[in-house]
Amino acid sequence: MQKRIFIGVPLPSALQNEIENWTNSFLENDIRWVKGDSLHITLLPPWYVDDFDDVVKKLNQADIKNEVIEINLKEIMFGPNPKRPRFIWVCGDQPNDLIKIKEKLEHIFKIRSEFKPWKMHVTLGRFEDKNFRDFKIKDLHAKVNWKYIAQSIALYESQSSKEGTEYKVIKAFPII
Numbered sequence: 013m014q015k016r017i018f019i020g021v022p023l024p025s026a027l028q029n030e031i032e033n034w035t036n037s038f039l040e041n042d043i044r045w046v047k048g049d050s051l052h053i054t055l056l057p058p059w060y061v062d063d064f065d066d067v068v069k070k071l072n073q074a075d076i077k078n079e080v081i082e083i084n085l086k087e088i089m090f091g092p093n094p095k096r097p098r099f100i101w102v103c104g105d106q107p108n109d110l111i112k113i114k115e116k117l118e119h120i121f122k123i124r125s126e127f128k129p130w131k132m133h134v135t136l137g138r139f140e141d142k143n144f145r146d147f148k149i150k151d152l153h154a155k156v157n158w159k160y161i162a163q164s165i166a167l168y169e170s171q172s173s174k175e176g177t178e179y180k181v182i183k184a185f186p187i188i
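So the mapping is simple: the numbering used here equals the position in the sequence shown, first residue as 1, plus 12.
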């Protein structure tokens, strides 16, 4: 059976808690919030594999070690299209070293981001675009100052359930 996987940058638990506090204060209904360890920055979008071994081998061989990469998340907004949103994102500056890692992974796996140009973001929540009509908030630009040092990239498996989609870390790969 094929597994749906992707590569992302995990968020530290302290930031996961800050995000949960923010999402608990957001008063719109019909949003499926991303929780805890499922929060991440996607570097390569999902694709399907029969097993993880080849992907893990390629990631082990990839030259992704780096100096410190500071992630600076600055603004919570609707995405990807603010006129017809489906997500709540937190976005920030795109560190050049993270872009280099992303480009290296795109070359290794021959996979490109679905968003052109790529916009570094963390998906905080999802909703049906038809539900957006009923939102009281139509324009979201909440300033935040969430910073952390990226410690690793991770291979994730996307797992669907009745409660929504969760992302399980298969293996983390240190980048510093």
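Note that the Cβ used here is the ideal one computed from N, Cα and C, for glycine as well. From a predicted model like this one, the values you see are computed outputs, not experimental measurements.
Query raised in the report: Which residue spans inside the segment 94-142 form an unbroken alpha helix (DSSP H) run of at least 4?
Result: 108-121
Query raised in the report: Using DSSP with H/G/I as helix, E/B as strand and the rest coil, what is lysine 70?
Result: As a first step, residue 70 is located in the sequence shown; it is residue number 58 there, counting from the start. Three-state result, lysine 70: helix.
Query raised in the report: Within the chosen definition, does the segment 150-157 reach the segment 126-137 through at least 3 CB pairs nearer than 8 Å?
Result: no
Requested in this report: Measure from the alpha carbon of leucine 85 to the alpha carbon of each residue in Ile76, Ile53, Pro92, Ser170, then state which is nearest.
Outcome: On the sequence shown, position 73 is the one that residue 85 refers to. The residue with the shortest Cα to Cα distance from leucine 85 is Ile53.
Report task. Pick helix, strand or coil for glutamate 78, following the three-state DSSP scheme. Result -> Taking the sequence shown and counting its residues from 1, the one referred to as residue 78 is at position 66. At residue 78 the sequence reads asparagine, which differs from the glutamate that was named. Reduced to three states, the DSSP call for asparagine 78 is coil.
Requested in this report: Measure how close the beta-carbons of leucine 117 and alanine 162 come, nearest whole angstrom, since I'm counting them as under 8 Å.
Outcome: The residue labelled residue 117 in the question sits at position 105 within the sequence shown. The residue labelled residue 162 in the question sits at position 150 within the sequence shown. Not quite, the Cβ-Cβ distance comes to about 14 Å (not below 8 Å), so this is no contact.
Report task. Pick helix, strand or coil for glutamine 28, following the three-state DSSP scheme. Result -> In the sequence shown, residue 28 corresponds to position 16, counting from 1. In this structure, glutamine 28 counts as helix in the three-state DSSP scheme.
Query raised in the report: Which residues in the same chain have their Cβ closer than 8 Å to the Cβ of glutamate 87, if we skip the five residues on either side of it in sequence?
Result: To locate residue 87, count along the sequence shown from 1; it is residue 75. Answer for glutamate 87: Val102, Cys103, Gly104, His153, Ala154, Lys155, Val156, listed in chain order.
Report task. From the DSSP output, in three-state form, read off phenylalanine 18 for me. Result -> Reading the sequence shown from its first residue, position 6 is the one you call residue 18. Reduced to three states, the DSSP call for phenylalanine 18 is strand.
Query raised in the report: For proline 58, which of Thr35, Glu169, Asp146 has the nearest alpha-carbon?
Result: As a first step, residue 58 must be located in the sequence shown, where it is residue number 46. When only C-alpha atoms are compared, the closest one is Glu169.
Query raised in the report: What's the call for valine 80, buried or exposed, on a 16-neighbour Cβ count within 10 Å?
Result: Here residue 80 refers to the residue found at position 68 of the sequence shown. Its Cβ having fewer than 16 others within 10 Å, valine 80 is exposed.
Query - Three-way DSSP call (helix, strand, coil) for asparagine 33 in this model - result: The residue given as residue 33 occupies position 21 in the sequence shown. It is helical.
Query - Buried or exposed (CB count within 10 angstroms, at least 16 for buried), histidine 133 - result: Start at 1 with the first residue of the sequence shown, and residue 133 comes out as number 121. Under this definition histidine 133 is a buried residue.
Query raised in the report: Considering leucine 56, what are the terminal residues of the beta strand (DSSP E) in which it resides?
Result: Along the sequence shown, one-based indexing puts residue 56 at 44. 52-61 is the extent of the beta strand (DSSP E) around leucine 56.
Query - Cβ-Cβ distance between glycine 20 and isoleucine 165 below 8 Å - result: Mapped onto the sequence shown, residue 20 falls at position 8. Mapped onto the sequence shown, residue 165 falls at position 153. It is a contact, given that the beta carbons lie within the stated cut-off.
Query raised in the report: Who are the near neighbours of leucine 51 in its chain, counting only those whose CB is closer than 7 Å to its CB and skipping five residues on each side?
Result: The residue you call residue 51 lines up with position 39 of the sequence shown. For leucine 51, where only same-chain residues beyond five positions count, the Cβ hits under 7 Å are Leu23, Gln28, Ile31, Val134.
Query raised in the report: Between which two residues does the beta strand (DSSP E) containing glutamine 171 stretch?
Result: Residue mapping note: residue 171 aligns to position 159 of the sequence shown, counting from 1. Glutamine 171 -> beta strand (DSSP E) spans 164-173.
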